[in-house]
Structure formats: structure tokens, C-alpha cells
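In this note's numbering, the protein residues as written are 639 to 954. C-beta: ideal position from N, C-alpha, C; glycine also. None of the values given here were measured: they were computed from a predicted structure. Okay, so here's the structure we're looking at.
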């Protein structure tokens, strides 16, 4: 009887094992596959990107530069899954490698350094989390950049990856994750407004559009729904890119602090609106953000498990 129950819920067990392992077991960046893929995308862009080339060339080369490596990885994974004796467990391993919350440890250390007025060390740690210029950030700017990164990475590298895994399996989750890795790799080398990056940005925007909005509205129900909706009307819908605006609006309303604003990439200023009318963030706000992310994560997993079990009970 127990064996039959375990076999009936193998998918749920693999999902929980992969997710809980990603939360509790932090893999070193020295041997994580993301490092290899980051180097691959960065070197590939360096070889094919021509700043003075025509817009058509940049759009075509930018499309091929992220589509071909991702397509190659998907074909390899699909072949390996076809030959594997345990394809479900292989999918669980892929999910484990796609989920990423390691940036939270850096954020905790950044909050401590800012409290101790060690802004140079805090900027150095922050530079590993964000791709914007951090050399001239004040203590408040460091806190705001850290919170922005926590919000955007927390939603995209955990929740959205899980949603794509549940909808389309490990192949869809891996595709989305590799797009995020490619975006981060290219942002460290070039400005985000160039034509070369537009095909990748359009693909990410289309993929994220519905999951991000559903997640934000669901999470707002457990936080501050009225304030979140108010901020969406006055700030979030005007922020660019739009998906990021929704995510930052949720956390600005939940933490009662101001997020986003102008930033610098490659020594060039990019103006964007600030989200929220509350006070600017402080180091203590980062600690509150980490607690909020942990609470939302466990609530999300418990809700998913309950839905999974309910569907299985009703269909059997």
C-alpha cells in the first residue's frame, strides 16, 4: 500500500526534494553549471557583437547568439532523458540546478557591512549581485540596489522557474533559466538598451508576462493588496520593463519603502521612475526583505503541495 502511494506521488516527491535541496543546500559557484553557461554566453556575445553594425545585423546575431546555445542544451537534455532509466529524477536534478537563492546570503552580508559603514566592501559584494555601476552608490543606494536585486531575482529565479517546470517540465524551466543567465552575462558587458539584446529581452518579456502578474496578485493577497493595487496604478504600469515594475511594486508596498529609480550602466545614466512614496530603504529593510522572501517561499510551497494532493485525490 505504501509503495503504491509513493509511486502515485513520485512527481510530488521529486519536486519537493529538488526544491528543498535548492533551499537548504547551497552549491558553490565554483562548480555550478551556471558559471560555465555565463562564460559561454559572454564569450559568444564578445565574438559576434559589433557596436557599429546595422540594426538588422544586431537583431539577427543577438537572436542566434542565445537561441543556438539554448537549443543545443535542450537537445542534449532531451536525448539524455530519452536514454535515462529515471527521466523524472533527471528532471528533478534540472529543477534543482535552475533554482537559485544564493544571492540572499550576499544580501545579508551587505546589510551588515552598510551598518558598519564599510561601504567599499558592501559595493564589492553588491557588484556580484547586480550588473549596474555601483562605484558611486551611497549607503541608501546600496540598500536600494540590493533590495531591487533581491526582489527581481527572488521572483524570477525561484517562483517563475517553478511555474514553468510545473507547466512544461524541465525543458521549459531550463530554457527560461538559460535566458536569464544569458541576460545577466550580456548585461555585464554591454548596455541593456542596445539592439543586440532586444530579441532576448522580448522573449523574456513574453514568457514572464502572465506568470509574473499572477504571482504578484496572489502574493499581494497575503500582504497589502490595496496598497499594491494603488502602487500598480500610479507606478508599476509606467515602469519599464513592465514585468520588473510589477515585481518591484509588490515588494515596495509590502515593505513600506521606496524602490527602483535611476541607475547607471557602462557609465551611462538610465532614468526610471521611483516606485513608492514611503521612506528610502535602510539596512534593516534588507533583513525584513529576507524574512518576507522566506515566509512567501514556504507559503507558496505549502499551497502548491495542497493543490497537487487535492487534484490527485479528486482524479483518482
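(request) Find the nearest neighbour of residue 890 within the set 742, 874, 879 and 904, judged by alpha-carbon distance. (result) 874
(request) Please list the segments of the beta strand (DSSP E) lying wholly inside the segment 915 to 954, counting only runs of 3 or more residues, in order along the chain. (result) none
(request) Could I get the ranges of all uninterrupted beta strand (DSSP E) runs contained in the segment 698 to 741, with 3 residues as the minimum, in chain order? (result) List check, beta strand (DSSP E) in window: nothing returned.
(message) Given a cut-off of 8 Å on the beta-carbon distance, is the pair residue 766 and residue 775 in contact?
(response) no
(request) Return the chain-ordered list of same chain residues with a C-beta closer than 6 Å to the C-beta of residue 769, the five sequence neighbours on each side being excluded. (result) Counting only Cβ-Cβ distances below 6 Å, and skipping sequence neighbours, we find 825 and 826.
(message) Tell me the DSSP secondary structure of residue 898 in three-state form.
(response) strand
(request) Would you be able to state if there are at least three C-beta pairs under 8 Å between the segment 693 to 704 and the segment 728 to 739? (result) No, because fewer than three Cβ pairs between the segment 728 to 739 and the segment 693 to 704 fall closer than 8 Å, the two stretches do not touch.
(request) Per DSSP, which residues does residue 839 bridge with? Please list them. (result) BP columns for residue 839 are empty, so no partner.
(request) For residue 687, name the three-state secondary structure that DSSP assigns. (result) coil
(request) At 3 residues or longer, and completely inside the segment 767 to 801: list those beta strand (DSSP E) runs for me, N to C. (result) none
(message) Taking its Cβ as the centre, do 16 or more other Cβ atoms sit within 10 Å of residue 724, making it buried, or is it exposed?
(response) exposed
(message) For the alpha helix (DSSP H) containing residue 908, name the first residue and the last one.
(response) First-last for residue 908: 906 to 908, but that is the beta strand (DSSP E), not the alpha helix (DSSP H).
(request) Report all residues from its chain with a CB closer than 6 Å to the CB of residue 823; omit the five preceding and five following residues, and keep chain order. (result) 676, 679 and 680
(request) Please go through the same chain and pick out, in chain order, the residues whose beta-carbon is closer than 7 Å to the beta-carbon of residue 888, but skip the five residues on each side of it. (result) Cβ-Cβ distances below 7 Å link residue 888 to 854, 857, 858 and 866 in the same chain, with the five nearest sequence neighbours on each side left out; the list follows chain order.
(request) Could you tell me which residues DSSP puts in a beta bridge with residue 912? (result) 898
(request) Indicate whether residue 780 and residue 760 have their beta-carbon atoms separated by less than 8 Å. (result) For the 8 Å CB-CB criterion, residue 780 and residue 760 form a contact.
(message) Under DSSP, the alpha helix (DSSP H) around residue 864 begins and ends at which residues?
(response) 863 to 872
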